[in-house]
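These notes are about the structure you will find just below.
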């Protein structure tokens, strides 16, 4: 196993420290054990640093022009993927993740090393940016660093970083649009290219039905839509998936969790002006955890006080009981087990009624229900479950358009017997799938339950008419079809 390269100066030593964590995180995703992960990360880090130093030593091709190359961290992550491919070729594939091995031997992996015009759009767009702009975009969007930390790392003015990031996003979009038009494509994709550019420029723009159907079928155009649409929060996933390839969404989630841990360990939280997207799920988890810790401390102190009262026999606490409780009071953290996530697809206590089954809201006023939360219609458990008390008045069709090792594309079509002024379609996943992007609807996900809400332009549906939307999502291990579809709180049957 090669040794890590020696830093050339203090600045490069600091850079090594910042990049190593990212490289090891991705190497751990790619391998079947910690020892293999460390070896893969070390080999890839050495390879990536040699390539970075060689690229920096090249003279500029012309005034104000630099050779196209990736920022430091994505360059090193690409080196992890290339080193993993070398392992597979040299007979060491048994040390890699089995799904990665399948991906490395597929046409999907060939896109990253094939002709430049056939490579993923996000990869080409990031390479076309100036080095400082590409670094800013990657650190803020994929590594999920607060903008104050990004400013310190890049030597920028914290007050101007939000504006600079917004400008870099626009530059990235322009590069992706230009590259999309340069990409060899069939006549149908070519006919939709300019329309796709117009629709993705504004969050209020209507998406024509024919374009929506095309995006549901064409992976390349859906990939372009993710890069061109700056609103909606899909840019980080587009960058991670397009630049890294296999495991991009899983790496993105790891980096976000790592950023939350760093902030929770005493670093100052980003100000609102930092531009970091709110994370209500993480906030809720922290509130619940803190509440349980406080409750545990109070119970322990109460037990200690009772045990020290005179006449312990009358109070029902024996000396043995008191001695057993003292260590808990001295170390209240021991009495609180670590919080573990609920199994995928299992309802939270707040989502169940008296029968313990998940309940749907009636859907009369969706604006009053915060995104990412669920509500129950049964106040005392005596109201009938709308899913069971009436025959279905709608039918659904769930189509898996395409699937790759860590993600998939699907469409949902619902036919309603009744006319609708607006609609909200909900369903559940069995295997922990996570929706990352949706078109022709907005979405919120609470654990396994996903709710899609009509866009402004497709709220009205006539009787016996259909509504449709599509989405991109991630999965790990298994990707069972969605189930439990409802329309405005009423059960739908499978078409």
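In my numbering, the protein residues as written are 1343 to 1837. Quick reminder that beta carbons are idealized off the backbone N, C-alpha and C, glycines included.
Under a Cβ-count criterion, where at least 16 other Cβ atoms within 10 Å of its own Cβ denotes burial, should residue i be classed as buried or exposed?
i            : result
residue 1497 : exposed
residue 1573 : exposed
residue 1469 : buried
residue 1603 : exposed
residue 1551 : exposed
residue 1395 : exposed
residue 1432 : exposed
residue 1461 : buried
residue 1532 : exposed
residue 1820 : exposed
residue 1523 : exposed
residue 1363 : exposed
residue 1375 : exposed
residue 1578 : buried
residue 1483 : buried
residue 1359 : exposed
residue 1398 : exposed
residue 1392 : exposed
Once DSSP output is grouped into helix, strand and coil, what is the label at residue i?
i            : result
residue 1472 : coil
residue 1538 : helix
residue 1788 : strand
residue 1820 : coil
residue 1757 : strand
residue 1833 : strand
residue 1560 : coil
residue 1738 : strand
residue 1445 : helix
residue 1510 : helix
residue 1744 : strand
residue 1826 : strand
residue 1809 : strand
residue 1487 : coil
residue 1749 : strand
residue 1438 : strand
residue 1498 : coil
residue 1572 : coil
residue 1797 : coil
Output the distance between the C-alpha atoms of residue i and residue j, rounded to the nearest integer angstrom.
i            : j            : result
residue 1452 : residue 1799 : 39 Å
residue 1444 : residue 1547 : 39 Å
residue 1835 : residue 1575 : 32 Å
residue 1596 : residue 1511 : 23 Å
residue 1616 : residue 1758 : For residue 1616, the predicted structure reports a pLDDT of 38, less than 50, and the residue's modelled location is therefore unreliable. The matter cannot be settled from this model.
residue 1529 : residue 1535 : 10 Å
residue 1390 : residue 1373 : 18 Å
residue 1367 : residue 1382 : 11 Å
residue 1447 : residue 1580 : 22 Å
residue 1738 : residue 1795 : 15 Å
residue 1783 : residue 1810 : 9 Å
residue 1473 : residue 1493 : 15 Å
residue 1437 : residue 1544 : 46 Å
residue 1792 : residue 1480 : 28 Å
residue 1803 : residue 1566 : 29 Å
residue 1761 : residue 1744 : 32 Å
residue 1475 : residue 1513 : 9 Å
residue 1541 : residue 1426 : 39 Å
residue 1558 : residue 1754 : 10 Å
residue 1471 : residue 1442 : 29 Å
residue 1490 : residue 1749 : 32 Å
residue 1538 : residue 1837 : 31 Å
residue 1369 : residue 1807 : 49 Å
residue 1569 : residue 1732 : 43 Å
Looking at the unbroken alpha helix (DSSP H) that takes in residue i, where does it start and where does it end?
i            : result
residue 1395 : 1376-1399
residue 1543 : Careful: residue 1543 lies outside any alpha helix (DSSP H) and carries neither H nor E.
residue 1778 : First-last for residue 1778: 1776-1781, but that is the beta strand (DSSP E), not the alpha helix (DSSP H).
residue 1429 : 1414-1431
residue 1581 : 1577-1586
If I follow the unbroken beta strand (DSSP E) through residue i, where does it start and stop?
i            : result
residue 1841 : Outside the modelled stretch of the chain, which goes from 1343 to 1837, sits residue 1841, for which no answer is possible.
With a threshold of 7 Å on Cβ separation, who are the neighbours of residue i within its own chain once the five nearest residues in sequence on each side are excluded?
i            : result
residue 1824 : 1740, 1769, 1770 and 1771
residue 1598 : 1486
residue 1450 : 1746
residue 1563 : 1531, 1534, 1538, 1556 and 1557
Excluding sequence positions up to five away, which residues of its chain have a Cβ less than 8 Å from the Cβ of residue i?
i            : result
residue 1478 : 1492, 1496, 1498, 1503, 1506, 1507 and 1510
residue 1316 : Residue 1316 is absent from the structure shown; the chain starts at 1343 and stops at 1837.
By Cβ distance, which residues of its chain are closer than 6 Å to residue i, with the 5 residues on each side in sequence left out?
i            : result
residue 1736 : 1756, 1758, 1829 and 1834
residue 1787 : 1777
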